[in-house]
Amino acid sequence: MNTSRPAQLRRIAACTAVALAAGALLAGPATAAGSADRPHAAADRSVPSLDARPKLELPQGAARGTFAAGADGAAPRYDFDADGQADILYRAIDGHYYIARPHLGIDDVELTLGENENVDYKDVIPVGRVDADRYGDLLTLTTDGRLSLYRGKSAANTDFTPVWSGGGWHGFNKVLSPGDLTGDGKADVLARTHDGVLYLYQGTGSLTTPFKTALKIGGGWQYYDHLVGTNDVNGDKIADMVARDTTGNLFTYLGTGQAAAPFKPALKTGTGFGIYNQIVGVEDISGDGLGDLMARTTSGQIYSYAANGSGGFKARLAGATGFNYITQFAAQGGVPDFGRTELLARDTAGTLFWYYSKNNGTLSKREQISKTGGWKDARITFASALAHNNSGDLLQIANDKLYVNGDALTSGWNIYNHLVGPGDVSGDGKGDLLARDKNGVLYLYQGNGAGTGFKTRVKVGAGWNGFTKITGAGDLTGDGRGDLLARAANGDLYVYPGTGQAGYPFKKGIKAGTGYGIYKQLVVAGDLTGDGRADVLATDAAGTLWRYDSYGNAKLTARTKIGTGYQIYSNLY
10 MNTSRPAQLR RIAACTAVAL AAGALLAGPA TAAGSADRPH AAADRSVPSL DARPKLELPQ
70 GAARGTFAAG ADGAAPRYDF DADGQADILY RAIDGHYYIA RPHLGIDDVE LTLGENENVD
130 YKDVIPVGRV DADRYGDLLT LTTDGRLSLY RGKSAANTDF TPVWSGGGWH GFNKVLSPGD
190 LTGDGKADVL ARTHDGVLYL YQGTGSLTTP FKTALKIGGG WQYYDHLVGT NDVNGDKIAD
250 MVARDTTGNL FTYLGTGQAA APFKPALKTG TGFGIYNQIV GVEDISGDGL GDLMARTTSG
310 QIYSYAANGS GGFKARLAGA TGFNYITQFA AQGGVPDFGR TELLARDTAG TLFWYYSKNN
370 GTLSKREQIS KTGGWKDARI TFASALAHNN SGDLLQIAND KLYVNGDALT SGWNIYNHLV
430 GPGDVSGDGK GDLLARDKNG VLYLYQGNGA GTGFKTRVKV GAGWNGFTKI TGAGDLTGDG
490 RGDLLARAAN GDLYVYPGTG QAGYPFKKGI KAGTGYGIYK QLVVAGDLTG DGRADVLATD
550 AAGTLWRYDS YGNAKLTART KIGTGYQIYS NLY
């Protein structure tokens with residue numbers, strides 16, 4: 010397996026190490042001279058060896074050779090090699106995309122998406138046959154809302170270039186294609202806004218203008234944390250969809266074939282689905298021509314659910330384990346995360362160490378990514394994905410200037426004692442920066458999407474000096490927006506949900522818990538569990554590392570112990 014990361018990750022290898030500061034306090038006070046006032050280049054690190062990538066195999070009992078819809082079923086949405094059977098596209102921890110063809114039992118094929126290697130996609134969406142050829146086509150979505158169509162090609166060609174692109178899709182937190190919803194033989198797309206309004210984009214059959222003007226389906230869809238396109242689950246050749254609510258109930262929405270009202274009333278078809286961090290529409294596993302589901306637990310265990318023909322699903326079948334290495338399935342149902350999934354640690358000597366997420370709630374072994382003592386007293390933090398890639402950016406204040414990945418931007422930053430990079434909080438799909446001055450006033454700096462500059466600051470509000478910790482790196486509430494986590498002096502913890510509006514980027518704080526004053530370090534480190542929501546790490550006086558998962562509604566789960574020995578670190582980011 011090729012374990013090197015893509016060019017965009019190698020480019021910011023340094024910052025990823027320090028990267029985990031995304032959303033931590035500025036580390037270390039400024040001094041008259043020395044490391045704190047000396048600008049650093051980005052910390053050097055080598056890409057760690059990744060876990061072995063097992064072959065994606067069918068669950069026991071599933072019929073090999075019939076992974077996709079048969080002659081009587083709807084055409085698969087993604088058929089890479091045009092053999093009439095659905096394939097699975099995914100992104101691995103190494104950042105590369107692979108195509109799995111488990112019905113053939115062969116090694117996965119690596120796929121290059123697009124001409125610009127410096128872009129990580131927020132989501133990848135199998136859309137079916139947009140035109141009349143035999144190959145499944147793909148959509149990619151960037152963080153700033155550019156949706157691009159890639160025409161399927163033969164198995165001999167794994168390098169794709171877009172044939173259409175359109176902007177403005179950053180207003181949605183989920184984009185998916187269940188298949189043909191209207192019965193006209195053309196692939197359709199659904200898109201949901203952050204506040205739960207669902208829209209239908211009917212397919213046209215044209216590669217140059219693939220979708221018609223949006224039709225509003227209705228509101229209330231924010232109560233689902235998963236929307237999963239399944240193609241046809243009941244045999245009428247009209248696409249269907251399943252949805253999971255935040256309590257783990259599963260509902261099936263059968264298609265009507267009518268654009269104005271594409272779904273029948275919801276059917277409750279399952280309970281207990283909250284154990285899965287991703288639910289994926291994988292076409293036909295059982296060989297009966299009906300769309301089936303695949304689900305993955307946080308530990309990486311795979312299960313399959315075959316359709317029963319009436320909108321529900323049969324008892325699950327257990328598959329292989331170890332699939333936490335997949336960070337993104339195409340056709341997965343959850344709200345996609347973007348930003349960072351790493352932890353940076355600085356010991357008392359000023360040496361930086363780096364941990365990457367294993368996508369199962371645990372961290373890798375540490376890697377030293379700086380010279381011993383090289384960052385002592387440096388004022389550093391890490392902003393979550395200021396550029397259009399899925400890695401954070403190292404920030405440093407030195408000599409009154411702000412440095413991003415070692416490059417000086419502007420002056421006047423000594424007035425701030427706290428920087429936070431929680432992701433996009435202004436609603437334009439670009440990573441933003443928050444800065445708190447000595448009087449406790451918080452300001453928003455909207456990013457330009459390249460990590461090279463910011464718009465004029467906007468005052469968020471006063472009184473933020475009452476918090477001993479302000480941190481953030483992604484979505485804590487499940488709506489796809491960047492949020493803040495703040496700890497008060499009495500140990501109470503508050504979540505400030507993002508609004509997507511630059512003028513007032515956060516809603517009123519929601520109390521998430523008490524007793525968090527026992528922790529020496531507290532940091533939001535991005536999505537560590539593969540469910541698309543950011544998770545919180547904390548260390549106590551004994552050096553135990555604890556993880557708190559977010560599960561929507563600004564609430565955190567009970568803590569889970571994931572490490573020891575962290576008392577050697579003076580800062581975590």
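All the letters of the sequence shown, read from the start, carry residue numbers 10 to 582 under my numbering.
By construction, the Cβ of each residue, glycine as well, lies at the ideal position given by its N, Cα and C atoms.
DSSP three-state assignment for residue i, whether helix, strand or coil
i, result
"A563", "coil"
"I247", "coil"
"W555", "strand"
"N240", "strand"
"F89", "coil"
"F282", "helix"
"F332", "helix"
"Q7", "Residue 7 lies beyond the stretch modelled for the chain, which goes from 10 to 582, so this question has no answer here."
"Y582", "coil"
"N423", "helix"
"D193", "coil"
"D140", "coil"
"W363", "strand"
"D46", "helix"
"Q337", "strand"
"F76", "Any reading at F76 must be qualified, since the residue scores a pLDDT of 36, below 50, and its modelled position is unreliable; no value is offered."
"I389", "strand"
"I294", "coil"
"Y575", "helix"
Residue span of the beta strand (DSSP E) that contains residue i, given as start and end
i, result
"W173", "171-175"
"S313", "311-314"
"A200", "197-202"
"K410", "410-413"
"K570", "569-572"
"V545", "544-548"
"N182", "181-188"
"I97", "97-101"
"Q405", "402-407"
"S157", "156-159"
"V118", "118-122"
Between the CA atoms of residue j and residue i - distance to the nearest angstrom
i, j, result
"R568", "W555", "6 Å"
"P514", "G436", "9 Å"
"A141", "G214", "8 Å"
"T222", "V198", "11 Å"
"L565", "R542", "11 Å"
"G440", "Y210", "27 Å"
"T465", "L442", "11 Å"
"D501", "W473", "14 Å"
"P38", "I519", "Residue confidence for P38 is low, a pLDDT of 33 falling below 50, so the modelled location carries little weight; the figure read from the coordinates is stated next. Taking the straight line from one Cα to the other gives about 30 Å."
"R496", "G483", "17 Å"
"H546", "V533", "According to the sequence as given, residue 546 is Leu; it is not His. Their Cα atoms are separated by approximately 6 Å."
"G449", "Q455", "19 Å"
"V413", "K516", "28 Å"
"L453", "G481", "14 Å"
"L418", "R388", "16 Å"
"I527", "V469", "29 Å"
"Y285", "A459", "34 Å"
"R490", "N317", "36 Å"
"P271", "W230", "14 Å"
"G43", "G383", "Bear in mind that the predicted position of G43 carries a pLDDT of just 47, short of 50, making it too unreliable to give a figure here."
"P135", "G161", "10 Å"
"G104", "A268", "37 Å"
"A95", "G432", "35 Å"
"D402", "S559", "23 Å"
"Q510", "V434", "7 Å"
"D129", "A551", "38 Å"
"R355", "Y365", "15 Å"
"D153", "G524", "38 Å"
"A200", "A340", "13 Å"
"I577", "Y208", "51 Å"
"V504", "K529", "19 Å"
Distance cut-off 7 Å: residue i Cβ against heavy atoms of the ligand NAP
i, result
"G161", "The ligand content of the structure shown is nil, which means the ligand NAP is not present either."
Report the residue ranges of all beta strand (DSSP E) runs contained in full by the region 449-530; include only those spanning at least 3 residues, in chain order.
451-454, 467-470, 476-480, 493-497, 502-505, 519-522
Three Cβ pairs or more, each shorter than 8 Å: is that satisfied between the region 143-151 and the region 242-261?
no
Quick check: the region 226-235 against the region 291-299, are there 3 or more CB pairs under 8 Å?
no
Taking contact to mean 3 or more Cβ pairs, one atom from each stretch, closer than 8 Å, check whether the region 326-335 and the region 365-383 are in contact.
yes
Taking one C-beta from the region 179-190 and one from the region 259-270 each time, how about it: are there three or more such pairs within less than 8 Å?
yes
Between the region 308-316 and the region 337-348, do at least 3 Cβ pairs fall closer than 8 Å?
no
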